[in-house]
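Heads up: the protein sequence lines correspond to chains R and F, in order. Start counting the first sequence at -1; every next residue gets the next number (our numbering). Start counting the second sequence at -1; every next residue gets the next number (our numbering). Data first, discussion second: the structure below is written as structure tokens.
2 protein chains.
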Amino acid sequence: MEMKGRFSIAAKRMSRSVIRELLKLTNRPGLISFAGGLPYPGSFPVEGIRDICARVLSESPHVALQYSATEGLPELRDLLVGFLSRHGLAVGREELIVTSASQQSLDLVGKIFLDRGDTVITENPSYLGALSAFRSYGVRFLPVEMDEEGLRTDLLARELKECKSSAGSGEEYFQNMPKFLYTIPDFQNPTGVTLSLARRRELLEVAEEYDLLIVEDVPYKWLRFAGEDLPMLSALERESGDGGRRVIGLYTFSKILSPGLRLGWVTADPAVIDKFVQAKQAVDLCTSSLAQSIAAEFLKSGELEGAIRRNRQAYARKAKAMLEALESEMPRPPGLCWTVPQGGMFLWLILPEPLDADRLFMEALEANVAYVVGSAFYPNGGGHSTMRLNFSFPSEEEIREGIRRLAALIRRETGK
Amino acid sequence: MEMKGRFSIAAKRMSRSVIRELLKLTNRPGLISFAGGLPYPGSFPVEGIRDICARVLSESPHVALQYSATEGLPELRDLLVGFLSRHGLAVGREELIVTSASQQSLDLVGKIFLDRGDTVITENPSYLGALSAFRSYGVRFLPVEMDEEGLRTDLLARELKECKSSAGSGEEYFQNMPKFLYTIPDFQNPTGVTLSLARRRELLEVAEEYDLLIVEDVPYKWLRFAGEDLPMLSALERESGDGGRRVIGLYTFSKILSPGLRLGWVTADPAVIDKFVQAKQAVDLCTSSLAQSIAAEFLKSGELEGAIRRNRQAYARKAKAMLEALESEMPRPPGLCWTVPQGGMFLWLILPEPLDADRLFMEALEANVAYVVGSAFYPNGGGHSTMRLNFSFPSEEEIREGIRRLAALIRRETGK
């Protein structure tokens, strides 16, 4: 039966993610995979969740098993306001909505702001899930380069100046300028790089100058295992600036509690939250009341902080194992280098030209080690000599052996 | 800060659902509400869910708390294939995807098939959540009248003939014809009417003649408390017809287990399921693994059938209470009538003209009884003399007292 001709323009543009198809190849026994983006299951607070589930289903089953408000359970929203306030961000309940984890938040951002032909600014490279969420709305990307301090705000300012010269004014201005900048300030996916404090301030200044919205994705902030905690962009903009709420913050329980709950939240200007509520009504009515009740209990009981601490300790050990293995095993021909993340789940390896990580991928599979090709994260192409390495999921032993295999492969290729 | 000018075309068209705002007025103590659409919480298998949660989190926590495949947990998909097969529908695993409940399924249907300006055929009236999901894609509605046997297939055929006369051929045909028909065959929301077996067959014939897709929403099938079970359209099309898979089936655990899990599934042609997977990757990556694990255990243990049986018994009692109260309390001026549902959660009351249920709503609130104005369910307007009455949520005592209040109000208005 003919189906293709019936699909929408957006659906015709969709395709199965190449990365997801490649990931299927990495499920082979014996293969060590740095390719996935899964949190370490050993850090899931399994017993805590079991106890809390039992408690929730004894004490308030008719809340946990019934529909809830689209905005989220009032109690959870208040607890999240408190959680953010303890981490330096003061928002009101009307500035917060619960979502079915950050991928939904990204889709809702797209639904609310993006029309076909619009421009979205991203770091170059950037998170694949965000790119595919925004891409489904038919947008163009304007990727801005990064260095070891994160997004190059000087280049961003230059791009925006260029855009502004032909953007017009009033409502036309907003329609012609990039709709927003998408950034992951802490331990970015895929590079592991953190936006420095100075750059955070510069970014807010540039955004204010060009009246640009910022979508700040904060999945890893609570996975810091080295260096000083840095304030969220949402928090910094409240200290200074024009008093506007131009930062939309995306948060998730996936990396601090469990991705299986599918639970996150968004902070933004109340007018934006209002649109989130309207859009979410049409896409899933509400987020799981059971998941919300579990998270609320974790916040109330203080057990969330313990879960976060255990994650940090585990990831510190794993990152250390990967960095030490790289130091001792990896050849260092000119141009080969890697990032040293202070948190999160990933580091970024850059090969010397003309080595091609895309081409090397199949050879790595043969050597029983896998990564994600860095080129997948470049919205407009490029990045063929880069790869993303995940250290949160494999064990330390696997990390050491996997890096050994990868190093041997690269040594063979570079003749070093 | 100026926000309005930044929103997408779709977001500018969004507004808070009037119905949801009205529903907030019905939370007053002392008020008896027939307005909501909530399942009866007394039927939630609370202890079963508690036991199964504990079991799942003991036996396979690393599945239940981790990300899962976008298609759904393989085990759950297989169990759903088995469940459907026991209820007369034979599908393969590749014809089924797990979703985050039916509102998400409706949104995904929209994402996959609908472009701005497209036409969707619905029953007149139809389910509000479906209308708002499709409306967010900028479509026009072509509502087709119903009678006591459900959708008027003769009128449908006439409309399609008219559409076809200017639709062209090939890919153009699919772009110009209505993209699909949306129907709720069993105990329709809002009318409570069931599509007869003869009409089901006629509908499939008409759809085949005009090569029309059908979206069959099946939330209430397992809430039948009177009459004979009727085969799903998906099942009927497999018995006869051109062998195509033109029916897309939407199913949910919300009405048979718990809406708090946010869990449903879709059956369709494998090419359509493939698009569902691609679209779902971008909107929420995957459905809660915890919710999926719980549902899988319910199916495996056979406890789901018990939960379904208890629901049926409760709804039979509640529907009987409402119908008896209507018989004994309601005045019967010419033109006043109601439907007699064989299952589901709603019945439909039609007032004699010129009585206006919209206008009457505020007076009903003053009399401490609430309903949903029927006009909300008419995609292109009309229906001002109709109202939807929910019998699943209130107790039998509340049902009797609420109908008494409503009858007194109508008696006053009609002078009978």
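All C-beta atoms in this analysis are idealised placements derived from N, C-alpha and C, irrespective of residue type, glycine included. On a predicted model such as this, the values are computed, not experimentally measured, just so you know.
At 3 residues or longer, what runs of the beta strand (DSSP E) sit wholly inside the stretch 54 to 124 of chain R? List check, beta strand (DSSP E) in window: 94 to 97 and 117 to 122.
Are the C-beta atoms of Ile246 (chain F) and some chain R residue less than 8 Å apart? The C-beta of Ile246 (chain F) comes no closer than 8 Å to any C-beta of chain R.
Residue range of the unbroken beta strand (DSSP E) whose run includes Gly400 (chain R): That residue, Gly400 (chain R), is in no beta strand (DSSP E); its alpha helix (DSSP H) goes Glu394 to Thr412.
Short of 7 Å Cβ to Cβ, which residues in the stretch 97 to 109 of chain F face chain R? Residues Ser98, Ala99, Gln101, Gln102, Asp105 and Lys109.
Per DSSP, the bridge partner or partners of Gly262 (chain F): DSSP, once it has assigned bridges, lists F:Thr97 and F:Thr250 as partnering Gly262 (chain F).
Is the beta carbon of Phe178 (chain R) closer than 8 Å to that of Leu211 (chain R)? Contact: yes.
Please list the residues of the stretch 26 to 46 of chain F that have a C-beta atom closer than 7 Å to any C-beta atom in chain R, keeping them in chain order. Residues of the stretch 26 to 46 of chain F with a Cβ closer than 7 Å to any Cβ of chain R, in chain order: Leu36, Pro39, Phe42 and Val44.
Assuming Met144 (chain F) is part of the alpha helix (DSSP H), what are its boundary residues? Segment Arg138 to Asp145 is the beta strand (DSSP E) holding Met144 (chain F); no alpha helix (DSSP H) there.
Taking one C-beta from the stretch 93 to 112 of chain F and one from the stretch 8 to 23 of chain R each time, how about it: are there three or more such pairs within less than 8 Å? Contact between the stretch 93 to 112 of chain F and the stretch 8 to 23 of chain R is present, because at least three Cβ pairs lie under 8 Å.
Short of 8 Å in beta carbon distance, which residues of its chain neighbour Pro392 (chain R), apart from the five on each side in sequence? Order them along the chain. Within the same chain, Cβ atoms closer than 8 Å to the Cβ of Pro392 (chain R) are found at Ile30, Ser31, Phe32, Lys316 and Gly400, the five residues on either side in sequence being excluded.
Short Cβ contact (8 Å threshold) for Leu349 (chain R) with Phe389 (chain R): No, they are not a contact pair.
State yes or no: is the beta carbon of Met343 (chain F) nearer than 8 Å to at least one beta carbon in chain R? No, Met343 (chain F) lies away from the interface with chain R (no Cβ there is under 8 Å from its Cβ).
Thinking just about the alpha-carbon of each residue, which of F:Gly379, F:Gly80 and F:Leu149 is nearest to the one in Gly300 (chain F)? Cα-wise, what sits closest to Gly300 (chain F) is F:Gly80.
Are any of the Cβ atoms in chain R nearer than 8 Å to that of Asp215 (chain F)? Chain R contact via Cβ: absent.
Proximity winner among F:Glu69, F:Gly40, F:Ser83 and F:Met(-1), relative to Ala233 (chain F) (alpha-carbon distances): Minimum Cα distance to Ala233 (chain F) is reached at F:Ser83.
Below 7 Å between beta carbons is the criterion; list the residues of the stretch -1 to 15 of chain F that meet it against any residue of chain R, in chain order. Cβ contacts with chain R: Met(-1), Met1, Gly3, Arg4, Phe5, Ser6, Ile7, Ala8, Ala9, Met12, Ser13, Arg14 and Ser15.
For Leu158 (chain R) and Val191 (chain R), which I take to be in contact (beta-carbon distance under 8 Å), what is that distance rounded to the nearest angstrom? In this structure Leu158 (chain R) is not in contact with Val191 (chain R), their Cβ atoms being roughly 21 Å apart against a cut-off of 8 Å.
Beta carbon of Phe251 (chain R) nearer than 8 Å to that of Leu63 (chain F): Result no, Cβ atoms of Phe251 (chain R) and Leu63 (chain F) do not sit closer than 8 Å.
Given that Gly242 (chain F) touches chain R, what residues does it touch there, using C-beta distances under 7 Å? For Gly242 (chain F), the residues of chain R that pass the 7 Å Cβ criterion are Met(-1), in the order they occur in the chain.
Stretch-stretch touch, CB-based, cutoff 8 Å, three pairs: the stretch 172 to 187 of chain F with the stretch 116 to 124 of chain F: The way I'd put it, the stretch 172 to 187 of chain F does touch the stretch 116 to 124 of chain F; three or more beta-carbon pairs between them come closer than 8 Å.
Could you give the C-beta distance for Val216 (chain R) and Gly247 (chain R), rounded to a whole number, given that I count them as a contact under 8 Å? Between the beta-carbon of Val216 (chain R) and that of Gly247 (chain R) there is about 6 Å, and that keeps the pair under the 8 Å contact cut.
Within 10 angstroms of the Cβ of Lys219 (chain R), are there 16 or more other Cβ atoms? Answer buried if so, exposed if not. Counting other Cβ atoms within 10 Å of its Cβ, Lys219 (chain R) reaches 16 or more and is therefore classed as buried.
Using a Cβ-Cβ distance under 8 Å, would Pro339 (chain F) count as near chain R? It does not; no Cβ of chain R falls within 8 Å.
For Arg197 (chain R), I'd like the list of residues in its chain whose CB is within less than 6 Å of its CB, leaving aside the five on either flank, ordered along the chain. Excluding positions up to five away in sequence, the list reads Glu147, Gly148 and Thr151.
Helix, strand or coil for Tyr171 (chain R)? Go by DSSP, reduced to three states. Residue state, collapsed to three classes: helix.
What is the residue span of the beta strand (DSSP E) that Asn366 (chain R) lies within? Here Asn366 (chain R) belongs to no beta strand (DSSP E), and DSSP marks it neither H nor E.
Take Glu207 (chain R) as the anchor and find which of R:Gly225, R:Gly379 and R:Arg156 has the nearest alpha-carbon. Closest by alpha carbon: R:Arg156.
Ser58 (chain R) CB to nearest chain F CB: under 8 Å? At a cut-off of 8 Å between C-beta atoms, Ser58 (chain R) does not count as an interface residue with respect to chain F.
Under a CB-based cut-off of 8 Å, is Ser194 (chain R) close to chain F? So, not an interface residue.
Flag this pair as touching only if the stretch 71 to 79 of chain R and the stretch 87 to 105 of chain R have three or more C-beta atom pairs under 8 Å; answer yes or no. In this structure the stretch 71 to 79 of chain R lies against the stretch 87 to 105 of chain R, because at least three pairs of beta carbons, one per stretch, are closer than 8 Å.
What does a CB cutoff of less than 8 Å around Gly262 (chain R) pick up in its chain, not counting 5 residues either side in sequence? Answer for Gly262 (chain R): Val96, Thr97, Ser98, Ala99, Ser100, Gln102, Ser103, Leu248, Tyr249, Thr250, Phe251 and Ser252, listed in chain order.
For chain F, check one thing: does any of its Cβ atoms lie closer than 8 Å to the Cβ of Glu169 (chain R)? Yes, Glu169 (chain R) counts as interfacial toward chain F.
May I ask you to report which of helix, strand or coil DSSP gives Thr151 (chain R)? In the structure shown, the three-state DSSP call for Thr151 (chain R) is helix.
Using CA atoms only, rank isn't needed, just tell me which of R:Leu353, R:Tyr369 and R:Arg357 is closest to Arg409 (chain R). Ranking the options by Cα distance to Arg409 (chain R), first place goes to R:Leu353.
Given this structure, state the Cα-to-Cα distance separating Ser256 (chain R) from Trp336 (chain F), to the nearest angstrom. Between Ser256 (chain R) and Trp336 (chain F), the alpha-carbon positions lie close to 48 Å from each other.
DSSP puts Val44 (chain F) in a beta bridge; with which residues? Beta-bridge annotation (DSSP): Val44 (chain F) is not paired with any residue.
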